[in-house]
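Protein sequences appear in the order of chains A and B.
Position one of the first sequence corresponds to residue 1 (the numbering used here), numbered consecutively onward.
Position one of the second sequence corresponds to residue 413 (the numbering used here), numbered consecutively onward.
2 protein chains.
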Amino acid sequence: MVTVSEVALEVKRSQRALARASGAARRKALLAMADAIAGASSAILTANHEDMEAASGLDPAQLDRLRLNPSRIEQMAEGVRGVAAQADVVGAIVDGWVLGNGIRVKRVRVPLGVIGVIYENRPNVTADASALALYSGNGIVLRGSSSAINSNRAIVAAIREGITRAGLPAGVVGLIEDTSREAAREFMQLEGVIDCLIPRGGKALLASVRESATVPTIIDGDGNCHIYIDRSADMEKALPIVANAKMQRPGVCNAVETVLVHADIANEAVPLLAGVLAGVEIRGDKQVLEIIPERATLASEADWATEFLSLVLAVRIVDSLDQAIEHIATYGTGHSEAIITEDIGSAGRFVKEVDAAAVLVNASTRFVDGGQLGMGAEIGISTQKLHARGPLGAEQLTSVKFVIEGEGQVRS
Amino acid sequence: MVTVSEVALEVKRSQRALARASGAARRKALLAMADAIAGASSAILTANHEDMEAASGLDPAQLDRLRLNPSRIEQMAEGVRGVAAQADVVGAIVDGWVLGNGIRVKRVRVPLGVIGVIYENRPNVTADASALALYSGNGIVLRGSSSAINSNRAIVAAIREGITRAGLPAGVVGLIEDTSREAAREFMQLEGVIDCLIPRGGKALLASVRESATVPTIIDGDGNCHIYIDRSADMEKALPIVANAKMQRPGVCNAVETVLVHADIANEAVPLLAGVLAGVEIRGDKQVLEIIPERATLASEADWATEFLSLVLAVRIVDSLDQAIEHIATYGTGHSEAIITEDIGSAGRFVKEVDAAAVLVNASTRFVDGGQLGMGAEIGISTQKLHARGPLGAEQLTSVKFVIEGEGQVRS
Numbered sequence: 001m002v003t004v005s006e007v008a009l010e011v012k013r014s015q016r017a018l019a020r021a022s023g024a025a026r027r028k029a030l031l032a033m034a035d036a037i038a039g040a041s042s043a044i045l046t047a048n049h050e051d052m053e054a055a056s057g058l059d060p061a062q063l064d065r066l067r068l069n070p071s072r073i074e075q076m077a078e079g080v081r082g083v084a085a086q087a088d089v090v091g092a093i094v095d096g097w098v099l100g101n102g103i104r105v106k107r108v109r110v111p112l113g114v115i116g117v118i119y120e121n122r123p124n125v126t127a128d129a130s131a132l133a134l135y136s137g138n139g140i141v142l143r144g145s146s147s148a149i150n151s152n153r154a155i156v157a158a159i160r161e162g163i164t165r166a167g168l169p170a171g172v173v174g175l176i177e178d179t180s181r182e183a184a185r186e187f188m189q190l191e192g193v194i195d196c197l198i199p200r201g202g203k204a205l206l207a208s209v210r211e212s213a214t215v216p217t218i219i220d221g222d223g224n225c226h227i228y229i230d231r232s233a234d235m236e237k238a239l240p241i242v243a244n245a246k247m248q249r250p251g252v253c254n255a256v257e258t259v260l261v262h263a264d265i266a267n268e269a270v271p272l273l274a275g276v277l278a279g280v281e282i283r284g285d286k287q288v289l290e291i292i293p294e295r296a297t298l299a300s301e302a303d304w305a306t307e308f309l310s311l312v313l314a315v316r317i318v319d320s321l322d323q324a325i326e327h328i329a330t331y332g333t334g335h336s337e338a339i340i341t342e343d344i345g346s347a348g349r350f351v352k353e354v355d356a357a358a359v360l361v362n363a364s365t366r367f368v369d370g371g372q373l374g375m376g377a378e379i380g381i382s383t384q385k386l387h388a389r390g391p392l393g394a395e396q397l398t399s400v401k402f403v404i405e406g407e408g409q410v411r412s
Numbered sequence: 413m414v415t416v417s418e419v420a421l422e423v424k425r426s427q428r429a430l431a432r433a434s435g436a437a438r439r440k441a442l443l444a445m446a447d448a449i450a451g452a453s454s455a456i457l458t459a460n461h462e463d464m465e466a467a468s469g470l471d472p473a474q475l476d477r478l479r480l481n482p483s484r485i486e487q488m489a490e491g492v493r494g495v496a497a498q499a500d501v502v503g504a505i506v507d508g509w510v511l512g513n514g515i516r517v518k519r520v521r522v523p524l525g526v527i528g529v530i531y532e533n534r535p536n537v538t539a540d541a542s543a544l545a546l547y548s549g550n551g552i553v554l555r556g557s558s559s560a561i562n563s564n565r566a567i568v569a570a571i572r573e574g575i576t577r578a579g580l581p582a583g584v585v586g587l588i589e590d591t592s593r594e595a596a597r598e599f600m601q602l603e604g605v606i607d608c609l610i611p612r613g614g615k616a617l618l619a620s621v622r623e624s625a626t627v628p629t630i631i632d633g634d635g636n637c638h639i640y641i642d643r644s645a646d647m648e649k650a651l652p653i654v655a656n657a658k659m660q661r662p663g664v665c666n667a668v669e670t671v672l673v674h675a676d677i678a679n680e681a682v683p684l685l686a687g688v689l690a691g692v693e694i695r696g697d698k699q700v701l702e703i704i705p706e707r708a709t710l711a712s713e714a715d716w717a718t719e720f721l722s723l724v725l726a727v728r729i730v731d732s733l734d735q736a737i738e739h740i741a742t743y744g745t746g747h748s749e750a751i752i753t754e755d756i757g758s759a760g761r762f763v764k765e766v767d768a769a770a771v772l773v774n775a776s777t778r779f780v781d782g783g784q785l786g787m788g789a790e791i792g793i794s795t796q797k798l799h800a801r802g803p804l805g806a807e808q809l810t811s812v813k814f815v816i817e818g819e820g821q822v823r824s
């Protein structure tokens with residue numbers, strides 16, 4: 001088996017040619033990748049079948065994430081085409097100015113270099129991440145889970161075939177086939193080779209990255225998201241938004257986990273909420289229990305801090321906007337936080353004072369997603385503040401370079 | 413003594429008021445800080461005198477960095493005023509767009525939260541870093557060296573007095589007085605409290621941050637900077653630029669360490685270079701030795717990788733632009749790299765293909781500095797690619813927040 005550092009060094013070597021390639025050449029490579037993935041559908045399905053057969057110890061949700069079918073493979077190819085449809089980010093001028101001495105300064109977007117992604121069961125990450133990395137001029141080193149190794153091998157083979165067909169070096173996409181913990185640790189410590197490591201997975205993976213990684217990382221963290229229903233809220237907006245944010249896809253990070261309701265409207269709002277949340281288990285504070293005793297159980301302190309990722313919703317009555325902001329500051333994970341209000345002052349304060357990757361006014365938290373926000377696709381959603389916050393698209397996989405041009409100027 | 417986490421938590425608590433303060437209020441606080449530093453000049457000098465008396469094991473360069481005098485204190489105050497003279501970065505809209513469903517999306521600059529700075533002898537970092545952090549709405553936790561503890565205490569006392577006078581909470585600036593290694597490690601691991609840690613110092617400090625830090629970091633790394641003199645170079649530009657980049661202040665990171673000369677012009681260029689580099693020790697390759705045998709000694713392999721930080725210059729003859737780019741890729745540290753050329757094609761390729769925080773055309777590497785580039789001041793120069801690359805000013809101490817506004821939209 002090729003070692004971790006051999007895989008990564010091959011990607012690093014190959015990336016220099018990619019960095020020189022034009023936007024048109026990178027777009028062509030993505031379209032060829034998409035065709036190659038679609039064309040390899042039966043080989044990928046066979047490999048995925050092997051993974052599904054061998055899977056042990058995975059729960060139904062994990063098995064569902066691992067499973068591929070013809071429609072999911074077509075979606076994978078479409079996702080790659082979606083990235084290629086975006087404007088090119090490489091070489092874009094961020095800003096520029098002229099110094100008093102005549103020197104021109106500009107900041108230009110450049111690829112980060114080599115992106116590392118360490119992830120769990122979803123094979124579609126293999127295609128999405130490769131497309132975003134390559135389109136932004138980066139090489140990519142992938143390290144999926146052992147449960148998806150056959151699927152990932154087949155997808156990477158297709159991707160590489162597409163890249164080769166388009167005339168770029170296939171070596172820009174590397175797959176670490178050693179799925180041991182030691183290999184993961186070695187991956188996280190490839191200083192000078194991996195320019196940015198993005199872990200996508202559960203708490204254990206994130207903790208291990210925080211502890212072991214010595215290369216720069218972007219953390220795709222938890223989403224304990226809130227919706228605050230202000231005193232002035234229009235319930236005709238609030239009810240569909242809460243239902244959408246909780247029930248459309250409860251297992252994802254931008255689903256809502258706690259709804260905060262202003263005390264002045266709680267007697268009307270809480271029963272209406274219960275009405276639209278059919279099949280959702282409600283865990284409320286004491287006041288909520290008084291209003292809908294037959295529908296709610298008492299929330300524990302731990303519930304406020306829990307990302308349920310299922311049809312469970314915590315509901316709390318708050319006395320004021322301040323108390324709502326305070327609750328979010330205490331329990332939120334800095335992912336997506338929404339206010340439903342008709343009051344411009346409340347909206348303004350919420351937007352300014354809530355510290356999160358995304359703050360929303362009168363819209364569902366489910367919109368916090370690279371595809372939904374028009375960014376083509378995403379390699380994850382950053383909950384950290386450094387480098388990139390929120391959905392990570394192609395632009396977020398770039399750095400800037402100062403370009404400084406003069407005619408012989410020296411510093412005095 | 414107050415513990416590390418007590419210092420940091422007090423800063424975190426105080427920062428929320430700062431985040432709500434207007435740009436005018438933050439500017440006023442900086443001007444009051446500057447006045448307070450200037451007003452406390454004699455107290456700061458007394459404290460610095462204690463540090464100088466107690467100093468042991470410091471070399472002359474380190475002692476020089478530690479030493480304050482009335483003029484240096486005035487420069488410190490002026491530096492703070494320079495930051496206040498910049499445009500406010502907090503709340504600036506980075507970009508924005510409208511989705512097909514009518515939702516408005518914008519990305520807005522927000523403070524990172526709490527900045528940590530860990531540094532060595534220079535007491536002026538205390539003032540510069542505090543000014544940049546506060547102006548961008550951040551709290552700051554400072555951890556200087558034990559050799560500068562009295563100076564730092566006096567400067568922080570003045571800064572806090574200024575902030576209080578301006579009506580903002582003095583708690584936004586915290587000083588860790590425990591200068592033990594254990595305290596440093598605890599500081600580097602204050603997850604959820606320190607949003608960004610910036611180490612400023614030598615290799616040992618950077619290695620310890622890479623190894624121990626679990627909070628996000630921005631590395632202010634080494635500067636093994638190059639100037640490539642192209643075949644088409646105008647020597648009337650090249651000579652003053654090399655002299656300036658090597659001799660004006662050899663001990664800093666943006667000074668040049670290696671000059672690469674195109675073979676076609678080496679016989680004329682190398683003696684001219686030797687002529688303007690009076691007092692500079694030249695370590696050349698074999699060809700350089702043949703041209704100026706009386707002036708140069710033979711460079712070792714290690715010399716190409718060395719940041720001399722003194723009046724020593726490595727000189728190598730290269731056959732082509734490609735070889736120059738390859739040399740820089742091999743030995744450079746991604747700081748500042750310059751080309752001297754009259755050929756637009758060579759300039760274009762150098763700018764595109766050299767991977768560094770700053771690439772320069774026909775200008776001295778010494779311009780790669782926040783103050784020189786019109787950014788007010790700098791808290792360091794990042795040689796990493798994530799988040800910020802190059803000089804770190806107030807803007808680089810911000811993050812972005814997605815603000816998403818609708819009228820009840822839900823995801824379908």
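The C-beta atom is built at its ideal place from N, Cα and C for all residues, glycine as well.
Note that the structure is predicted; figures quoted are calculated from it, not measured.
Of the listed residues the options, nearest to residue i (C-alpha basis)
i, options, result
"B:Thr742", "B:Leu798, B:Val763, B:Ala714", "B:Ala714"
"B:Ile653", "B:Ala775, B:Pro803, B:Arg425, B:Gly514", "B:Ala775"
"A:Asn244", "A:Val215, A:Leu260, A:Val276, A:Ala266", "A:Val276"
"B:Val664", "B:Gln474, B:Arg801, B:Arg555", "B:Gln474"
"B:Gly691", "B:Gln660, B:Lys764, B:Gly556", "B:Gln660"
"B:Ala410", "B:Leu511, B:Ala667, B:Leu609", "Within the shown structure, residues of chain B are numbered from 413 to 824, placing residue 410 of chain B beyond reach of any answer."
"A:Val4", "A:Leu68, A:Ile93, A:Glu182, A:Asn138", "A:Glu182"
"B:Glu819", "A:Ile344, A:Lys352, A:Glu326, A:Met33", "A:Ile344"
"B:Ser758", "B:Ile641, B:Ala806, B:Glu807, B:Ala708", "B:Ile641"
"A:Ile227", "A:Gly102, A:Gly376, A:Gly284, A:Leu260", "A:Leu260"
"A:Ile194", "A:Ala85, A:Gly371, A:Pro111", "A:Pro111"
"A:Gly31", "A:Glu405, A:Glu281, A:Tyr135, A:Gly348", "Sequence inspection shows Leu at residue 31 of chain A; the Gly mentioned does not correspond to that position. Here the closest residue by C-alpha is A:Tyr135."
"B:Ala578", "B:Ala433, B:His799, B:Arg555, B:Gln601", "B:Ala433"
"B:Val724", "B:Cys637, B:Ala431, B:Ser558, B:Ala541", "B:Cys637"
For residue i, the three-state DSSP class (helix, strand or coil)
i, result
"B:Pro652", "helix"
"A:Phe308", "coil"
"A:Glu378", "coil"
"A:Ala357", "coil"
"B:Val492", "helix"
"A:Ala249", "Reading off the sequence, residue 249 of chain A comes out as Arg, not Ala. DSSP places A:Arg249 in coil when its eight states are reduced to three."
Under 7 Å from the C-beta of residue i: neighbouring residues of chain A
i, result
"B:His799", "Leu386, His387"
Where residue i meets chain A, residues with beta-carbon distance less than 8 Å
i, result
"B:Cys608", "Lys385, Leu386"
"B:Gly525", "Asp355, Lys385"
Those residues which DSSP pairs with residue i across a bridge
i, result
"A:Val259", "A:Ile227, A:Val315"
"A:Glu177", "Its beta-bridge partners do not exist; DSSP assigns none."
"A:Thr297", "A:Arg283"
"A:Ser393", "Correcting the residue type first, residue 393 of chain A is Gly in the shown sequence and not Ser. Paired residues: none, contrary to the question."
"A:Arg143", "A:Ile118"
"B:Gly508", "B:Lys518"
"A:Gln409", "B:Ala775"
CB contact below 9 Å: residue i versus chain D
i, result
"A:Pro240", "No chain D is present in this structure, whose protein chains are A and B."
Under 7 Å by beta carbon: chain B residues contacting residue i
i, result
"A:Gln75", "Under the 7 Å cutoff, chain B gives no residues; its nearest Cβ is about 16 Å from A:Gln75."
"A:Pro216", "Gln796, Leu798"
Partner residues on chain A for residue i, Cβ-Cβ distance less than 9 Å
i, result
"B:Phe779", "Leu99, Asn101, Ile103, Val105, Ile404, Gly406, Gln409, Val410, Arg411"
Interface residues of chain B facing residue i [CB-CB closer than 8 Å]
i, result
"A:Pro169", "Correct list: empty, because the minimum Cβ distance to chain B is about 16 Å."
"A:Lys237", "Glu819, Gly820"
Contact list for residue i against chain B, beta-carbon separation under 9 Å
i, result
"A:Arg67", "In chain order: nothing, as chain B lies at least about 23 Å away."
If you measure beta-carbon to beta-carbon, which residues of the stretch 806 to 819 of chain B are closer than 7 Å to chain A?
Listed by position along the chain: Ser811, Val812, Lys813, Phe814, Val815, Ile816, Glu817, Gly818, Glu819.
Selection of the stretch 87 to 102 of chain A by Cβ proximity to chain B, strictly under 7 Å
Hits within the stretch, in order: Trp97, Leu99.
Contact residues within the stretch 727 to 750 of chain B, judged by C-beta distance below 7 Å to chain A:
Residues passing the 7 Å Cβ filter: none.
Please identify, using Cβ separations under 9 Å, the residues of the stretch 592 to 619 of chain B that lie next to chain A, in order along the chain.
Along the stretch 592 to 619 of chain B, going in chain order, the ones with a CB nearer than 9 Å to a CB of chain A are Glu603, Asp607, Cys608.
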